[in-house]
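Using our numbering, read the sequence shown as starting at 4 and increasing by one per residue. The beta carbon of each residue, even a glycine, is placed where N, CA and C say it ideally should be. The model shown is predicted, which means the values in this text are computed figures rather than measured ones.
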Amino acid sequence: MLRAPREELADDARQGLISTPKHLPPKHLYDARGSELFEVITQLPEYPVTRAETAILEDAADAIVAAAQPDELLELGSGSSRKTRLLLEAMHRQGTGDRYAPLDVSVAAVEQAAAELAVDHPWLEVRGAIGDFSRDLGKVPRDGRRLVAFLGSTIGNLLPPARAELLTAIADSMAPEDRFLLGVDLVKPRDVLEAAYDDAAGVTAAFTTNLLVILNRELAGDLPVDAFVHRARWDAEAEHVELTLEATREVHARLERLDLDVHFAAGEHLLVEHSCKFRVPGIRAELAAAGLEVEQVHGGDTHGFALLLARRTGGADR
Ligand SMILES: C[S@@+](CC[C@H](N)C(=O)[O-])C[C@H]1O[C@@H](n2cnc3c(N)ncnc32)[C@H](O)[C@@H]1O
4 MLRAPREELA DDARQGLIST PKHLPPKHLY DARGSELFEV ITQLPEYPVT RAETAILEDA
64 ADAIVAAAQP DELLELGSGS SRKTRLLLEA MHRQGTGDRY APLDVSVAAV EQAAAELAVD
124 HPWLEVRGAI GDFSRDLGKV PRDGRRLVAF LGSTIGNLLP PARAELLTAI ADSMAPEDRF
184 LLGVDLVKPR DVLEAAYDDA AGVTAAFTTN LLVILNRELA GDLPVDAFVH RARWDAEAEH
244 VELTLEATRE VHARLERLDL DVHFAAGEHL LVEHSCKFRV PGIRAELAAA GLEVEQVHGG
304 DTHGFALLLA RRTGGADR
């Protein structure tokens, strides 16, 4: 483990719960329960992201692996690693390599994914790492030619400045023969996007509300979970969905471990996640600005999702 999650949550809560607007980074949503709820979200009828990306990978995994020829696959924010199997199986079939390094903040997700992979992919060598992809990328030991995968449109949790920083760090971590595979969810109509993040069964609401349970457990807090409701709002100008927890009444709470009093006015929001949506030319330009040149694009507007395979651009462009 590269850094204790509770220490990070404490630092972020100390800062984010006294700011205006109040905010916490989305990585804190993923304790064992959060990772479990996210897996349920991926199967909801309103949430098209995982189905679209899986369908694209079913068609494109062989072409991606043939171009990348990876000895190993490093995956950022790997979660359950379910879709990743399509890439790992293509690597095995083509005989390029059988090493997989999932990197995720969620201990439970990495442990469970590794255990499941060991059962039905006995040829695979899994070297899981717990850490933050925005900070710990350089700490994962490399072993040969790499395919770095960043799936599930998790990159959309980062706003443009943080995204540019991460894409540049990814490019800088790559050898010239390495490849980067990025999955991005594309802009869609407001009703589709807002339903995707506020499903009828209330699973996404349970996922974001679980953050209050995490704060109470980890920081000895007494935030009243029933005083907050889940909100998902598409900002058409910024092209992102904002997920917040809105206080339905005035809240006075305390996080004992931080010696911190927290106040919410009625109607005040705690921002827990941005989910930026993309257009293929825009993300191509962001990759280029980070020193990454796109070689293959799979999916697109008909899928509502795109997978881009990129390589580092040469020295003169960087
Ligand atoms: C939206 S889910 C996607 C999971 C999986 N890649 C997929 O496509 O279904 C985001 C994943 O990234 C992890 N994650 C979120 N922020 C992270 C961070 N800063 N560093 C490492 N992992 C992170 C979460 O624990 C979760 O497993």
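In the three-state reduction of the DSSP assignment, PRO105 falls in the strand class, which pools E and B. Here the C-alpha atom of HIS277 lies approximately 34 Å from the C-alpha atom of ALA121.
Counting only residues of its own chain and dropping the five nearest sequence neighbours on each side, LEU189 has a CB closer than 7 Å to the CB of LYS280, PHE281, ARG282, ASP304, GLY307, PHE308, ALA309. Listed in chain order, the alpha helix (DSSP H) runs fully inside the stretch 198–240 are 206–221, counting runs of at least 4 residues. One alpha carbon belongs to THR207, the other to GLY317, and they sit about 42 Å apart. Assigned with DSSP and collapsed to three states, ALA178 falls in coil, not helix or strand. For the alpha helix (DSSP H) assignment, the uninterrupted runs of no fewer than 4 residues enclosed by the stretch 34–116 are, from N- to C-terminal side, 35–44, 52–71, 87–97.
Ranked by Cα distance from ASP107, the first of ARG130, ARG193, ASP181 is ARG130. In the three-state DSSP reduction, THR247 falls in the strand class (E or B). When the beta-carbon positions are compared, ARG36 and ASN213 come within less than 9 Å of each other.
Residue burial annotation: HIS266 is exposed, with fewer than 16 other C-beta atoms found within 10 angstroms of its C-beta. Secondary structure of LYS142 (DSSP, three-state): helix.
For ALA288, the enclosing alpha helix (DSSP H) has its first and last residue at 283–292.
For the pair VAL110 and ILE133, the CB atoms are nearer than the 9 Å cut-off.
For ARG130, there is no enclosing beta strand (DSSP E), as DSSP marks it with neither H nor E. For GLU221, same chain residues with a beta-carbon under 6 Å away, outside a window of 5 residues either side, are ARG9, LEU12 in chain order.
Counting C-beta pairs with one atom in each stretch, the stretch 227–243 and the stretch 293–300 have fewer than three that are closer than 8 Å, which means they do not touch.
Per the coordinates, the alpha-carbon of ILE59 lies some 11 Å from the alpha-carbon of ALA66. In this structure, LYS30 has its beta carbon less than 8 Å from a heavy atom of ligand 1. For ligand 1, no non-hydrogen atom lies closer than 8 Å to the CB of ASP14.
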